[in-house]
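K.L.:
In terms of mature numbering (1 follows the signal peptide of the UniProt record, and there is no 0), the sequence shown is residues -25 to -1, 1 to 1106.
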Amino acid sequence: MRKITSQLCALVVIMLVAISTSAYAADTKLTVTNAVATSYQSGEGIEKAYDGNTSTIWHSAYSGTSFPVNATFTLSSTSHVDYIKYTPRSSGTNGNFQEVTVYVSSAATTTYSDVTTEVTTVNLQGSSSEAYIYLGKTGVDNVRSVRLCIKSGQGGWASAAEISFYKADNTMQNELANYFDDALCTQLKSTVTSADGIGNETVKTLVSSLLSDADGYKKYRVGEFEPYETLSVLRSRLKISAEYCAYENPTGIYFKPNESIYILAQDIPSSESVSLIIKNWGKASDDEAQSQSSFMLHNGLNVITPTHRGNGYVSYYSNNYATLSNVKLHFINATVTGYFDLDRGDTNADWKKLLSNATSDILDVRTKRLQVAFPLETFKANCPNNGVELAKAYDEIVRREREVMGLLYYNKEPKNRQFFRVVHSGFMFADNIGAAVVKSSVGACISGTPSSLDFWGMAHELGHNNQLTRSFKWSGCGETTNNIYSAWVQYNLGNKNSLRLEDEKSGIDDYAGMRGGRFEAYLEEGVRKGISWQLQDGPDYHGATPTIVNVQNEDYNGNKLSTYSNVETRNYDHFLKCVPLWQLQLYTHLAGRSPNMYGKVMEGMRKLSDNSLSNGRLQVQFMKLVCDSTQMNFLPFFEKAGMLRPINAYIEDYSKGWLKINASMINTLKRHVSSKGYAEITDEVNYITAHNWQTYAERKPLEGSTLGSGCTASGSTVRVDHSVWKNAVAFETYNSEDSLIRITMYGLGSNDSHSFTTVLYPQAEDAAYIMAVGYDGTRIRCYEAVSKTFKPGNKIYRIVSNVRNKPITSVAVTTDINGNYSDDMLNNAATATTTSTLTDVHQLWRFEPVGDGSYYLVNLNTGLSIGGSSNSNAKFMEKTAAGGYTLVNQSDDVWALYNKTNGQYLNNYGGASGTNLGYWSGGTGDNNNLWKLEEVPEIKLSVASSLLTSAYLPFAIRMPEGLTAYTAIEMTVKDGTDVLVLEPLPGGLVPAYTPAVLIGERKTHTIEVVPDDNTAAPSGNLLRGTLLKMTGITAGTVANITNNSTSGQGIYIGTVTTVPANRAYMLASDLPTLTSPGNGLVFSLNTTGIENAVILGNGADNTLYNLQGQRAMRPTKGIYITGSGKKVYIK
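1. State the Cα-Cα distance for the pair Gly749 and Val695, rounded to the nearest angstrom.
2. Could you tell me if Lys164 is buried or exposed, where buried requires 16 or more neighbouring beta carbons within 10 angstroms of its beta carbon?
3. If we count Cβ pairs, one from each stretch, closer than 8 Å, do we get three or more for the stretch 80 to 100 versus the stretch 143 to 156?
4. How about Ser589 and Asn532: are their beta carbons less than 8 Å apart?
5. Does the distance from the C-beta atom of residue 1110 to that of Asp515 stay below 8 Å?
6. Would you mind working out which of Leu468, Ser461, Asp484 sits nearest Leu476, comparing C-alpha positions?
7. Using the C-alpha atoms, what's the distance from Ser54 back to Glu378?
8. Could you tell me how far apart the beta carbons of Phe270 and Leu251 are, in whole angstroms, since I believe they sit closer than 8 Å?
9. Relative to the alpha-carbon of Pro281, which residue among Ser246, Phe315, Ser235, Gly275 has its alpha-carbon at the smallest distance?
10. Spatial neighbours of Val526 within its chain, please: C-beta separation below 7 Å, excluding the five flanking residues on both sides.
11. Would you identify the three-state DSSP class for Pro986, choosing helix, strand or coil?
12. Can you tell me which of Ile792, Leu881, Ala742 puts its alpha carbon nearest to the alpha carbon of Val775?
13. Spatial neighbours of Glu479 within its chain, please: C-beta separation below 6 Å, excluding the five flanking residues on both sides.
14. Using the three-state DSSP reduction, which class does Val278 fall into: helix, strand or coil?
15. What would DSSP say about Asn255, mapped onto helix, strand or coil?
16. When you compare the CB positions of Ile228 and Tyr192, do they come within less than 8 Å of one another, or not?
17. Hey, would you say Pro767 sits closer than 8 Å to Tyr721, going by beta carbons?
18. For the 8 Å Cβ check, are there 3 or more pairs between the stretch 155 to 170 and the stretch 30 to 47?
19. What is the residue span of the beta strand (DSSP E) that Val775 lies within?
20. Helix, strand or coil, according to DSSP, for Cys124 in the structure here?
21. Helix or strand or just coil, what does DSSP make of Lys112?
22. Entirely within the stretch 620 to 664 and at least 3 residues each: give me those beta strand (DSSP E) ranges in chain order.
23. Would the beta-carbon of Leu110 fall within 8 Å of that of Phe72?
24. Thr1017 and Tyr1027 - do their beta-carbons sit closer together than 8 Å?
25. Just to confirm, are Asp336 and Pro350 a CB contact at a threshold of 8 Å?
26. Should Val278 and Trp326 be called a contact, given that it needs their Cβ atoms to be closer than 8 Å?
27. Closer than 8 Å is the cut-off here; do at least three beta carbon pairs connect the stretch 710 to 719 with the stretch 667 to 676?
28. For Gln442, count neighbouring C-beta atoms within 10 Å of its own C-beta (all shown protein chains included) and say buried if the count is 16 or more, exposed if not.
29. DSSP three-state call for Ile1065: helix, strand or coil?
30. Using 8 Å as the Cβ pair cut-off and three pairs as the minimum, do the stretch 290 to 305 and the stretch 199 to 207 touch?
31. Count the CB pairs spanning the stretch 609 to 624 and the stretch 415 to 432 that are closer than 8 Å, and state whether there are at least three.
32. Curious, which full-length beta strand (DSSP E) runs of at least 3 residues does the stretch 535 to 623 contain?
33. So is Phe404 buried or exposed if we call it buried at 16+ other beta carbons inside 10 Å?
34. So the candidates are Tyr314, Glu263, Val502; which of them puts its Cα closest to the Cα of His399?
35. From this set, Trp449, Gln465, Ala654, which residue's C-alpha is nearest Phe597's C-alpha?
36. Taking Cβ to Cβ, would you say Ala926 is nearer than 8 Å to Pro966?
Right, dumping it as structure tokens:
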């Protein structure tokens, strides 16, 4: 009796088997005249099982099926029956046969109890593959009725598309018996010395081949094939995620479509099933399918006719594999392609011969632990000579993975191999067949220099199959825990200076693109910032936008609740999540603190039942197993890594789910570890890498004493020489308040010799000193910069490009008459100018404290700051949107301005003219990031021939000698003239935001800036002021302060359409109905504040001007201004 193997049910593409006619008649299909079944569904009766139509089925009752189900078939005549062919339904699996016992009777009967002669029992495993049930070695004579007692079926039903009964054609076997002594037809009878006279061409060719070159003929065509453990049983025993190789026992035979092949079989146990699998892994044309077919074999002669091409494999899997003998097969006159077998002892000479003579486009290569099916052409191109070395590398990949799994340590290594094959779409992946790589990338898996193989990628996919489910594959670990295998394989077999975690140029933030940046992300996001392990941001998916999903809630034990929630979820860097798991392997195994830790942990996982545990409890269980297996307290390590922290998050993965860990779960674990008395680890395990583990292994003390020695600062980093600071395993950067602001991994940004570390030293975050860290937690201060601290107070500054000597300005910003900003103001990049008069108040800035050590950069005229996105132009915006700036000193009064919102520095770019502002990285190492902060204690003001001007400023100023500031306090009529009465400001102080008329000597005056003055602007001032240039004014709506040639100094309605920035003015609507010509108000000075009356005499400045700025040729009693700007009163 035979059974099809369950392992193939999910893998094969079922092909209808055509029995060869060759030179002989086909096996005879016997006619069924009647059948009855103890259970059937209306419309799907037993007659559908022998109607010759595979699209119809017999199905037991949908409701109420109970086993056994009996189906009794009556043949048209008493016959010899050799086998039964069972064809399962073509869609779905419900009812596919599992355990079946066959009974026969010589009587024609439809009563199942009358058919009682038991012949065989088989288990078809519920497979969807066509199966053959053989009735003993030679069949059964005198059969009229056959009863199938179906004892179990897939899903609790029984079903069949067709059930057929056959009598075998033994003509070929009888012919072969004339020439051979053995059943396998490998030993000619002593009387056979020539093939002459043999009529059958197949037999003639076989005899001729054995007479001329028996050994050459037999290689591959005659072979023994071993039993292997049932794949589903092995998967369950190891608790792994996928099944191992379903293509064990490569035959070295290449099958062609529609070409009949005779196969003689010997020693197939009666209790087991053995099949020939023909699989096409190649793709000769775009429309060629990678077809697979399965042919059940039995002792004696088997005749098959494949419908497609492919390599052959003998499927021989059993729960009893350890006690079963090999089966022997003879593929008569089949086409040989060969395969390479390292375990068989094949040599590089065999390899070269194989590459030359193979007939299939796919070459099978197998070792003790791995079997691959890759394109022959790629083997020829990439590895023409070194097959042994390549095969050894393949084998070592799996051996190293099994080492991590503990299968070597516990002597539980399975006989079964893993499998890797070529595919023709996708990239590199794993599934229930094994691992796969697309043909265009298979070259990464084949090399004559094995050390250059893509060990990470191959181990990653094979590692998927080896992930322990669910113990080591809870939500979020789908692409993480398999990377333990990848890291271990790559470290042991690959280039140790090109490791995925420690050496890849990657990273984010201020370590983006640096060697080791991915590992660094774990130290920054997890160890320093304290972010939970599954939620740490890294180079992959950096800054990804979360999606909102509606999910069912569950409690901390994984029990589903009746409520649903909308939650945010996104992917996080899977490689970053691997770092702390990799550190455990480095510390326990390589550094020798507890060798085979992972093997012990996984053995513990294999013994535990974890199907009911929540994701959070699985994560806690893992940490517990680590502590128990090593008898060491790793909980501080897990806390720093972010694994032993409360979390309540929905995790993105192949199998999404809640990850919930609460304080109670954490405390329970802590109590357990404490009760065991495990010693707490004091070493800095979170800092171990593949490049410094020897320091931990040899317990090398930290060396170095001279502060600053071997340290070279460059912008926001400090290069630390390892030859000076010996045995440091990491570096920590602190600010002036002794807060840890960066952790830098050993060798960040270094070279292949790992001779230095590029330590992160963000001056913008007040970096003050660096501590070198030893493996045991020893810390020595190795670098301390003496930098200038910026303390702006209320002072006013110009911010001037250090390279181009141009200040930042808001000159482009204007308003309308109502004070509204110009429409495009928030889209204007700031520009730079170089003038320095009152009209350049737009260049003046104040640094307002944010409260976190940074400052808002506020332009005094606009009240706005500048900000923007990283790597983009700077824009004017509200200060809270722009964010605070920290100032990094470069030298003297030269600084870099670091924007905390976008994480970059304010940059002046654009060639020699350099009028563009933007944001860029580089710190103080980029000259375009450097600015001079020039304190502004005074401003310049020019008074022209009119002897007056005006001012409106966002800060207080004090008038110098020779210049008086006035506010307007009254409009009236004096002596028939409309006048505006001006009153001098006391003490010459003009408070901030006070529009004022300035009258004085014709010259450029130096005016003191008084930024600390808080005097309120005087009330009752009739003047208005504008900080920004007003544009778009309708003529006749604004009154300007000027000197009218007819009426003198005053404020007059004119035709102006603009008002300059920082000037005083009035609206025409502010003025009364005028009684005198001149279209304005003449100034009239209030004498308050004039302390001394002056009588002109010899030696005095006799040039006088009235208050309208006109020269007084015959002055009379009143107030005048002298040529030197003094105010006098003539009695």
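In this text, a Cβ means the ideal position worked out from N, Cα and C, and glycines have one as well.
P.N.:
Working from what's here:
1. One C-alpha to the other measures close to 14 Å.
2. Lys164 comes out exposed.
3. Segments in contact, no.
4. yes
5. No statement about residue 1110 is possible, as the shown extent of the chain runs from -25 to 1106 and does not include it.
6. Selected option, being the one with the closest Cα: Ser461.
7. 58 Å
8. 4 Å
9. Ser235
10. Tyr539, Ser540, Val542, Tyr625
11. coil
12. Leu881
13. Arg493
14. strand
15. It is coil, neither helix nor strand.
16. no
17. Pairing Pro767 with Tyr721 gives a Cβ-Cβ distance that is not under 8 Å.
18. no
19. 772 to 776
20. Of the three classes helix, strand and coil, the one that applies to Cys124 here is strand, per DSSP.
21. In the structure shown, Lys112 sits in coil (DSSP, three-state: anything other than H, G, I, E or B).
22. List check, beta strand (DSSP E) in window: 622 to 626, 632 to 636.
23. No, they are not a contact pair.
24. yes
25. Yes, these two residues count as a Cβ contact at 8 Å.
26. Cβ distance not < 8 Å, so Val278 and Trp326 don't count as in contact.
27. Contact check between the stretch 710 to 719 and the stretch 667 to 676: fewer than three CB pairs, one atom from each, fall below 8 Å, which does not count as touching.
28. buried
29. With a pLDDT of 38 at Ile1065, under the threshold of 50, the modelled position of this residue cannot be trusted; read the value that follows with caution. The answer is coil: DSSP assigns Ile1065 none of H, G, I, E or B.
30. yes
31. Judged by pairs of C-beta atoms under 8 Å, the stretch 609 to 624 does not touch the stretch 415 to 432, as fewer than three such pairs exist.
32. 535 to 544
33. exposed
34. Nearest option by C-alpha distance: Glu263.
35. Trp449
36. no
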